[in-house]
Each structure stands twice: as C-alpha cells, then as structure tokens.
Amino acid sequence: MSVKAIIKAVDEYAVHDGPGARALVFLKGCTLQCKWCQNPELIKFEPQIWFHKALCKGCGKCRDVCPVDAINLEEDIKRIDKEKCLGVECSKCVEVCPHNALQVVGYEITAEELWRELAKYKCFYQGSGGGITLTGGDPLHLPDFSAEVLELCKKDNIHTAIETSLYGSYKNLWKIAEHCDLILTDIKHMDSEKHKEGTGVPNELILENFKRLNEDFRGEIVVRVPLIPGYNDDEENICKTAEFIAPLERIKGIDLLPFNVFPIAKYEALGINWVYKGVQKQSDEHLNRLYEIVKSYKTHCTIGGMW
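So, in structure tokens, the structure goes:
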C-alpha cells in the first residue's frame, strides 16, 4: 500500500530550487524549530487552520458558528484562540467563511497519487531540463513517503531533487538520497550551541551527514546559507562554513541567501508574533564581503541562489 503524508500544495510551474521548470512539493513536517523559518505553516506535520486578515470583511459568520467561542473579531493576529479551537476536525469556521480568509493548510495524499499528478507534466519538465523538488517542511522527516515518490519519478525519467536540513539518521537520508539527482541543503551555523539556539537542535549530526553524503552520493549537492542578521551572518561563521565545505568534492557550491522579510504575513496568519518582525536584510556591501570570503576558499558562490 502506498505511503501517505500531509502536504500543503504542489507548485507545478516553478523555476527555482533546481534546474529548469520544476514542480515543488511542499511537505508538512519538520523537527527543527528555526526562529526565522520561511514557511512556518510547514513545521507541524498535521493540517492547521490559518487566518488571512487582508481577506476578512468582518462579517462574523465564523464567530457565530464556532461551537467553543474561539473566534475574536477584535483581534487580527490572535483571531483564533488556539487553546479553545477544536482544529481541522471541526473546521466549521472555514466552511462558512465567504471570503476564504480562514483556510485549512495541508491535505493527505499517497505517494502514488502525488506521482500520478506530477507525471502529467513530465514532458514539460523533461523538455526544460527540469523535474521535481520535494521541499517543506523536510522530506527527511517523512522518509518512506519521500523515497516512494522519488523512486516512482526516477523510474519515469523525471529529474529529482530534495531540500533538506540533513537532520536525521543516515539510514533514512540514504533511503531518499539514492533516488535523487540533486540535494539542496543548508548550514545554519558552524557553532553547535548557536545552531541549537536558533533551530532547537545541535549540528553534529548534520555535519556528519554532509561528510557521509560527500563519500556516497553521486549527484550534485548545493549548500545554502540563510543569512540571519545578528545570528550567522558574521565573517567568522562564514569563514568556518567555507572552510568546512571546501574539501567536500561533491558540493557544487554555496548559495548565500539574504534575509527574507516576507514571511511576516505567514506568521500573522498562524497567530504567531514573529521574533524577526521589523528586521531588514543585509546591505549589499555586507553581502559582497561574505561572498568574497567564500570565493577565497576556491568555492563557487552565489548571492541569492543558483536557481
């Protein structure tokens, strides 16, 4: 029987996170708790309800139908009282909202169902040199589902990629990686204590998995460094990152990713006060300094990503 998982969506016409035109599959579920996460709605493994205040007209239908009085029309960010809310098992507020301001994020699908959906576009992907990328969330935290989807796609001659933190057992990582042409991963901090401070987990397992993949994997690996102001965007950390990556022959290069201010709307939709609200991305001057540091280690580098 085909393995099931919860996904948020499939973007069939993406041009990033891998070469060519691609389908991006957004899986729900990640065991890291990155404070700057760009997709906070994908951290939890189960479906969630979120609220988009820009779509709300204040009609009050959601409040009227809620059986536990969990809706407060006077609140924007904390519109839903999560302590009272019965969750997606109820979803009465979602059903009656005429403006789509309340939505369920996530739905169940089998690996085979997902593959059949992706296979509809394979000529398009193959013609552009593209394929599919499993992202999230983290495919590594749904190893059986991810492996089945990737294996089916590879048998269908579709280029495969994953975006992963590498935080998980090597057994599960290899179960997925053996069906991949490309692995996109990141190093958030070289200091383990700082890594744990920002993500909730230390980095020893991640760095060990980097080394083992470098020995075993025959596809391409691209390292991404999400640059978080005041956390990991100092010259010392970038030096240590480049020093670690430089000897690893399978690494195609390092992408320095400037801080992204746009996730604020997602945090508000989930009723979360984002700790990075108001923080601005790095200056071009600072980004260029970090770029030159990486290049000094004879490592290919981009600002913003290869794709």
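Numbering of the sequence shown is given in our numbering, commencing with residue 27 and proceeding in unit increments.
All residues carry an ideal CB built from backbone N, CA and C; glycine is no exception.
Inter-residue spacing [alpha-carbon to alpha-carbon] between residue i and residue j
i, j, result
"Q64", "S172", "21 angstroms"
"S28", "T136", "6 angstroms"
"A96", "D90", "10 angstroms"
"G279", "P124", "47 angstroms"
"T225", "G153", "39 angstroms"
"L112", "K292", "21 angstroms"
"F288", "G304", "10 angstroms"
"E109", "L99", "16 angstroms"
"V41", "K118", "37 angstroms"
"T267", "N126", "44 angstroms"
Expected contact under 8 angstroms - CB spacing of residue i and residue j to nearest Å
i, j, result
"M332", "F270", "Going by Cβ atoms, the distance from M332 to F270 rounds to 19 angstroms, so no, they are not a contact pair."
"N351", "S218", "This structure does not reach residue 351, given that the chain is present from 27 up to 333, and the question cannot be answered."
"K324", "A272", "7 angstroms"
"L53", "A31", "6 angstroms"
"Y151", "I184", "6 angstroms"
"K214", "C60", "7 angstroms"
"F77", "L128", "6 angstroms"
Other residues of its chain near residue i: CB distance less than 7 angstroms, five sequence neighbours each side excluded
i, result
"I298", "P66"
"T13", "The chain is shown only over 27 to 333; residue 13 falls outside these bounds and no answer can be derived."
"G155", "P45 and G46"
Beta-bridge partners of residue i, as assigned by DSSP
i, result
"E143", "Answer by DSSP bridge pairing: none, since E143 is not bridged."
"E246", "L208"
"W76", "Q129"
"C327", "I280"
"I9", "Since the first and last residues shown for the chain are 27 and 333, residue 9 lies out of range."
"G157", "R48 and H185"
"A40", "R48"
"K30", "T136"
"A35", "F52"
"I106", "I97"
Close beta carbons around residue i, own chain, < 6 angstroms, minus the five adjacent residues each side
i, result
"F116", "The sequence given here has Cys at residue 116, not Phe. So no residue of the chain qualifies."
"D164", "C56, T190 and S191"
"I232", "L192 and Y193"
"W62", "I254 and Y302"
Helix, strand or coil at residue i [DSSP, three-state]
i, result
"P252", "strand"
"G46", "coil"
"W200", "helix"
"C63", "coil"
"T57", "coil"
"A173", "helix"
"E223", "helix"
"L112", "coil"
"A96", "coil"
"V287", "coil"
"E336", "Because residue 336 is not part of the residues shown, which for the chain are 27 to 333, the question remains open."
Chain-order list of residues whose beta-carbon lies under 8 angstroms from that of residue i (same chain, five-residue window excluded)
i, result
"E261", "R315, L316 and I319"
"G84", "L99"
"E246", "D207, L208, I209, R276 and K278"
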